[in-house]
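So in the numbering used here the end of the sequence shown lands on 194, straight run, no missing numbers. Glycine included, every Cβ here is placed at the ideal spot set by N, Cα and C. Just so we're clear, the structure is a prediction, and the values are computed from it rather than from any experiment. Remarks on the structure that follows.
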Amino acid sequence: MRAWKNNRGLTLIEVLVSLVIVFIVFIGLSGSGLLVLEENIKNSLRDEAVSVAEREVQHARNLPLDNVVSGIRSPVSYPIRGLVVTYTPSWAVNILDGSNRQLTVTVAWTRRGATYNHQVATIVRQ
């Protein structure tokens with residue numbers, strides 16, 4: 069019988085096992101990447117909602133005090149990362165006294181069937 073020489077190579081089984089391990093690692097990484105991407109999109113949508121709320125507050129501050137009243141404002145749509153998102157701002161006004169009102173602006177939007185909102189409150193003076 070001949071003695072086995074030290075063959076420097078991999079068997080087919082070793083290659084297949086290595087490929088399976090690499091495949092499992094890549095599946096885990098791709099799932100993590102998709103999760104990070106989804107959270108990043110949610111953050112971008114929330115950042116835009118904050119901007120919408122701030123614009124609403126500035127608009128209210130430029131109005132005469134008697135025109136600052138509760139109600140749903142006109143929806144606004146913005147393209148964000150290839151998506152067109154519609155934000156619906158609403159105002160809730162609490163009269164504090166003759167020259168001060170508390171304004172609460174709520175901005176609502178929908179993403180994948182879930183409704184999100186951002187709320188900001190301020191005092192509007194005459």
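A direct Cα-to-Cα measurement between Gly-77 and Ile-89 gives close to 19 Å.
DSSP links Asn-185 through a beta bridge to Ala-176. In terms of CA proximity to Thr-174, Glu-122 leads the group Glu-122, Asn-111, Gly-166. Beyond the five residues adjoining it in sequence on each side, Ser-167 comes within less than 8 Å, by CB distance, of Leu-133, Arg-193, Gln-194 in the same chain, given in chain order. Secondary structure in the segment 131-174: the beta strand (DSSP E) runs of 3 residues or longer, each lying completely within the stretch, are 144-148, 151-165 in chain order.
Val-144 places its beta carbon less than 8 Å from that of Val-120. For the 8 Å CB-CB criterion, Ser-142 and Trp-159 do not form a contact.
In the structure shown, Arg-193 falls within a strand segment according to DSSP collapsed to helix, strand and coil. With fewer than 16 other beta carbons inside 10 angstroms of its own, Leu-102 counts as exposed.
Looking at Ile-92, Lys-110, Glu-82, the one whose alpha-carbon comes closest to that of Val-153 is Lys-110.
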